[in-house]
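The sequence shown finishes on residue 344 if you use the UniProt record's numbering, and the numbering steps up by one all the way, no holes.
Virtual Cβ for every residue (Gly too), placed ideally from N, Cα, C.
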Amino acid sequence: MNLKISALEYVEEVKNGNLSAEDFVSATIDRIKNVDEKLHAFLQVNSKAIEQASQIDKKIKSGDKVGSCFGMPISIKDNICIKHSKTTCASKMLEKFVAPYDATVISRLKEQDAVFVGKANMDEFAMGLTTEFSAYGPSRNPWNTDYVPGGSSGGSAVSVSAFECVASLGSDTGGSVRNPASFCSTVGYKPTYGLISRFGLISYANSIEQIGPVTRTVKDTAFLLNIISGLDSHDNTTIDNTGQDYLADIDSGIEGKKIGIIQEMAGEGTDPEVRSATNDAVSKLEGLGATCEDASIDMVKYSVAAYYTITATEAGSNLARYDNLRYGYDFPVEGFEFNSYISK
């Protein structure tokens, strides 16, 4: 079984009868069993995934309408709610929390017959850039397990890169999708704020964060955006993008486009290798017909300070709801009774 195919290739193979959703998902689960003890991309694996894929095969055979995912195996970062599934944010604080509802992105993927193979590891409450700060242990980079996979959506990037799923959803505040995607050689995308509903995402910094896909190709990213983006009555920050098809112009190229290269991003403190890679990218863009021009945004020098001010403040507010009465640890109370304490 070739588990290295892209999302669009998977759809075509299943649609044309060359591939069974059940067989592919079964092989994916076997792959997880074989490699994830070492990689630790997953915190939970869906025990019903193969059965769900089988039901989709039955729909195809009976001629019933099938959603555009055709049973595609997708992993979900463990801060996105799936109804009746644990959503822990990689924290002991939420170790026993079971989501009572689906996030909007989950509802939309379910409508299109996606199969969720499991919940992906992450830095606790999405605060980190390495996926070393999970309460359940770190994820490992599939290219070299001595290296970190990036974070905080490290499990999402690892699962896609290691062929433990076809695509994944993560969340990105200050690089948490893009960073692990680059570390693991996948495609990571942080959409424009409001493009994708955040309803059902356990929030870290709600004025900055966005749910974003991790895939193997840019076209796969566009495919998922067509499914999960758009207006949502549960999230009043979402925008109406009715009629937008992100696959429609994906092959039109960039000839004639003007691209600004922000000089403050490549200034003092930038690693020479990073600067060299950026220059190579500029050359490639120009070779494809784009015009690249130096640009300056003076406020960039304040961006890191602003980021940490905003995120720390919003995280403090958002995480304050997880008090010990509802979400704390259980522990033996013997010896802690108030009267006993006073008498001692």
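Cβ separation of residue i and residue j, assumed to be a contact under 8 Å, to the nearest whole Å
i, j, result
"THR237", "TYR302", "Actually they are not in contact, since the Cβ atoms of THR237 and TYR302 sit about 24 Å apart, beyond 8 Å."
"PRO180", "GLY151", "6 Å"
"ILE227", "GLN112", "5 Å"
"PRO149", "VAL158", "5 Å"
"VAL177", "GLY212", "4 Å"
"GLY155", "ALA41", "4 Å"
"ALA290", "ILE239", "Not a contact, Cβ separation roughly 26 Å."
"GLN44", "VAL115", "With 8 Å as the limit, GLN44 and VAL115 do not qualify as a contact, their Cβ atoms being about 14 Å apart."
"GLY175", "LEU129", "7 Å"
C-alpha distance - residue i paired with residue j, whole-angstrom precision
i, j, result
"VAL105", "MET265", "33 Å"
"THR278", "LEU169", "27 Å"
"TYR341", "SER203", "For TYR341, the predicted model reports a pLDDT of 48, less than 50, meaning its position is unreliable and no value from the coordinates is stated."
"LYS344", "THR313", "Confidence is the limiting factor: at LYS344 the pLDDT is only 45, short of 50, which leaves the residue's position unreliable and the question unanswerable from this model."
"GLU209", "LYS15", "35 Å"
"GLY118", "VAL25", "12 Å"
"CYS81", "VAL282", "39 Å"
"SER6", "ASP323", "42 Å"
"PRO272", "GLN263", "14 Å"
"ASP57", "VAL98", "29 Å"
"PHE183", "THR217", "15 Å"
"GLU268", "SER171", "29 Å"
"ASP36", "ILE297", "43 Å"
"PHE223", "TYR246", "7 Å"
"LYS33", "LYS257", "46 Å"
"THR186", "ALA162", "10 Å"
"ASN121", "ASP78", "6 Å"
"THR242", "SER233", "14 Å"
"MET72", "VAL11", "8 Å"
"ALA248", "LYS219", "10 Å"
"ALA21", "SER54", "7 Å"
"LYS65", "LYS92", "41 Å"
Which listed residue (the options) has its alpha carbon closest to that of residue i
i, options, result
"ALA135", "ASP102, VAL98, THR88, VAL158", "THR88"
"LEU201", "GLU12, ILE259, TYR101", "TYR101"
"ILE60", "GLY17, LYS38, ASP36, VAL35", "GLY17"
"ARG275", "ILE261, LYS48, GLY67, ASP64", "ILE261"
"ALA1", "ALA114, GLU13, SER85, ALA27", "At residue 1 the sequence reads Met, which differs from the Ala that was named. For the residues ALA114, GLU13, SER85, ALA27, the minimum Cα distance to MET1 belongs to ALA27."
"GLN244", "LEU195, ASP232, SER252", "LEU195"
"LYS86", "ASP64, SER47, GLN55", "SER47"
"PRO142", "LEU39, THR270, GLU22, ILE50", "LEU39"
"ASP235", "GLY63, CYS292, ARG198", "ARG198"
"ARG108", "LEU19, LEU225, SER153, ALA320", "LEU225"
Residue span of the alpha helix (DSSP H) that contains residue i, given as start and end
i, result
"THR309", "303 to 319"
"THR291", "THR291 -> not in any alpha helix (DSSP H); beta strand (DSSP E) instead, spanning 291 to 295."
"VAL158", "154 to 161"
"GLN210", "Looking at the DSSP string, GLN210 is not in any alpha helix (DSSP H); the run it does join, the beta strand (DSSP E), is 210 to 215."
"LEU225", "218 to 228"
"ALA248", "No alpha helix (DSSP H) holds ALA248; DSSP gives it neither H nor E."
"THR22", "Checking the displayed sequence, the identity of residue 22 turns out to be Glu instead of Thr. Its alpha helix (DSSP H) spans residues 21 to 39."
"ALA205", "ALA205 -> no alpha helix (DSSP H), and no H or E assigned at all."
Unbroken beta strand (DSSP E) run spanning residue i, endpoints
i, result
"LYS258", "258 to 262"
"LEU43", "42 to 45"
"PRO73", "73 to 77"
In the region 102 to 184, which residue ranges form an unbroken alpha helix (DSSP H) of at least 4 residues, counting only runs that do not cross its ends?
-> Listed in chain order, the complete alpha helix (DSSP H) runs (minimum 4 residues) inside the region 102 to 184 are 104 to 111, 154 to 161, 178 to 183.
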